[in-house]
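Per my numbering: the sequence shown ends with 151, consecutive numbering throughout.
Just so you know, even glycine gets a beta-carbon here, dropped at the ideal spot from N, CA and C.
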Amino acid sequence: MFPLKFGVADPTISDTYIYVVGIDAGALTNTHGMQVSDGLAGVAAGNTAVNALWPLFAHELAIPVIPANRIIAAVRCTRTWNGNDWTTGANYQLGTEVIVNYGCGISADYLNAAADFLRNEIANHRNGTTPAMGRGYHPSTPQQV
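So, in structure tokens, the structure goes:
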């Protein structure tokens, strides 16, 4: 979803990158937990669940800084927004190339697993939609093992 689209002057189509990173879990902020707490408080205050709980689909965690040597790989993502801002969602298409940061400080096992994960996403989920504010939850697609 990031960077978010704000206002009609922003482009309908925008590109971003999706990164796989290796970070210290102790440095993370559990923003998803905060969103759960805020959403439940909103429901308790009389808001509908759809209005109060819509951001939960993201399962977010946050970190203030990611050093360049902790970025493992990335893939380009082109988004076509459905409306005037990010709350309407977007259709997306992943690029075809996984960009691997061979200079990162991650072991080869993790680096290869991360690159394989992105290649699998390109192969199996190259096109899709992001949730919109009013429909944050959507069915998952089971993967065959």
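Check, Outcome
"Distance, Thr94 Cα to Pro61 Cα", "13 Å"
"Phe12 and Thr22 closer than 8 Å at C-beta", "no"
"Asn126 to Ser43 span [Cα, whole Å]", "33 Å"
"Element boundaries [beta strand (DSSP E), containing Leu100]", "96-106"
"Nearest-angstrom Cα separation, counted from Ala50 out to Ala74", "42 Å"
"Whole-Å CB distance - Ala64 paired with Gly48, under 8 Å assumed", "That pair is no contact at about 16 Å."
"Every unbroken alpha helix (DSSP H) within the region 106-134, with a cutoff of 4 residues, ordered by chain", "114-131"
"Whether Val104 touches Ala119 by CB criterion (8 Å)", "no"
"Residue range of the unbroken alpha helix (DSSP H) whose run includes Thr37", "37-50"
"Residues of its chain near Met139, where Cβ-Cβ distance is below 7 Å and the 5 sequence neighbours each way are ignored", "Trp60, Thr93"
"Residues bridged to Asp21 (per DSSP)", "Thr84"
"With 16 other Cβ atoms within 10 Å as the buried cut-off, status of Pro17", "exposed"
"6 Å Cβ shell around Asn133 - same chain, five flanking residues per side excluded", "Gln99"
"Cα-Cα separation between Leu26 and Gly45, rounded to whole angstroms", "In the sequence as displayed, the identity of residue 26 is Val instead of Leu. Cα to Cα, Val26 sits roughly 28 Å from Gly45."
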